[in-house]
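**Q** Please see the structure below; I have some questions.
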Amino acid sequence: MPIEQFWETAEGDELPDAAAVAWQLFANEHYHDEEFSEQFRRFLDSVDVRRVRAVLVQEWNFDTSSDIVVELFTAHAAEFPELRAIFLAPESAGDQISWIQHGDVTPLLEAFPKLERLDVRGNGPHREDPRGLRLRPVRHDALRMLRFESGG
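According to the numbering used here, the stretch in the sequence shown is residues 473 to 624, in order.
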């Protein structure tokens, strides 16, 4: 599935079919002027998210975690009924994998019952919660692949 870099689009740009691409969002305001919450709102307003099947969320600030990403997607889960794959930090621009910070990713599995794949890259604890990356026990009937990539 080709990747559409949504964060590089502007309002009014012609966008591909929502179900035909994996949508990449960018959550690092240090390299991109738009805050993630603003970009996410623009994504909801610009794309028929009811048809989106895959989302990649590229790196966030070195001093924050994926918490805002998890919070926004879970808060809007009902708007993504066809979402099957989520990739958190699939690649990084020069960051050590151990620097990529996460919190609890369980809410993604709880909010998306049709999710078939969850990939999480990074394992660094974050400043507000030194426990870092967590996955609580959860039952998920559709999940086919759960992948964690970490480093030390």
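Think of the CB as a built atom: it goes at the ideal place given N, C-alpha and C, for glycine as much as any other residue.
If you're wondering where the values come from, they're calculated on a predicted model, not measured in any experiment.
Per DSSP, what kind of secondary structure is Leu497 in: helix, strand or coil?
**A** The sequence position of residue 497 within the sequence shown is 25, counting from 1. Looking at Leu497 - three-state DSSP - the assignment turns out to be strand.
**Q** Just reading off the beta strand (DSSP E) that Val524 is part of, what are its end residues?
**A** Indexing the sequence shown from 1 puts residue 524 at position 52. No beta strand (DSSP E) holds Val524; DSSP gives it neither H nor E.
**Q** Suppose the cutoff is 7 Å on Cβ atoms and the five residues either side in sequence are ignored; what does the same chain contact list for Ile475 look like?
**A** Taking the sequence shown and counting its residues from 1, the one referred to as residue 475 is at position 3. Here the set comprises Val493, Ala494, Gln496, Leu528.
**Q** Round the Cβ separation of Ile540 and Ser509 to the nearest angstrom and send it over; I've been treating them as touching at under 8 Å.
**A** Working through the sequence shown from its first residue, we reach residue 540 at position 68. Working through the sequence shown from its first residue, we reach residue 509 at position 37. With a Cβ gap of about 7 Å, Ile540 and Ser509 count as contacting.
**Q** Measuring alpha carbon to alpha carbon, tell me which residue in Phe545, Thr481, Glu582 is nearest Arg611.
**A** Counting from 1 along the sequence shown, the entry for residue 611 is found at position 139. Nearest of Phe545, Thr481, Glu582 to Arg611, Cα basis: Glu582.
**Q** Give me, in chain order, the residues of the same chain whose beta-carbon lies closer than 8 Å to that of Asp489; leave out the 5 immediate sequence neighbours on both sides.
**A** Position 17 of the sequence shown holds residue 489. Result list for Asp489: Arg523, in chain order.
**Q** Which residues does DSSP pair with Ile558 in a beta bridge?
**A** Against the sequence shown, residue 558 aligns to sequence position 86. Its beta-bridge partners are Val527, Leu590.
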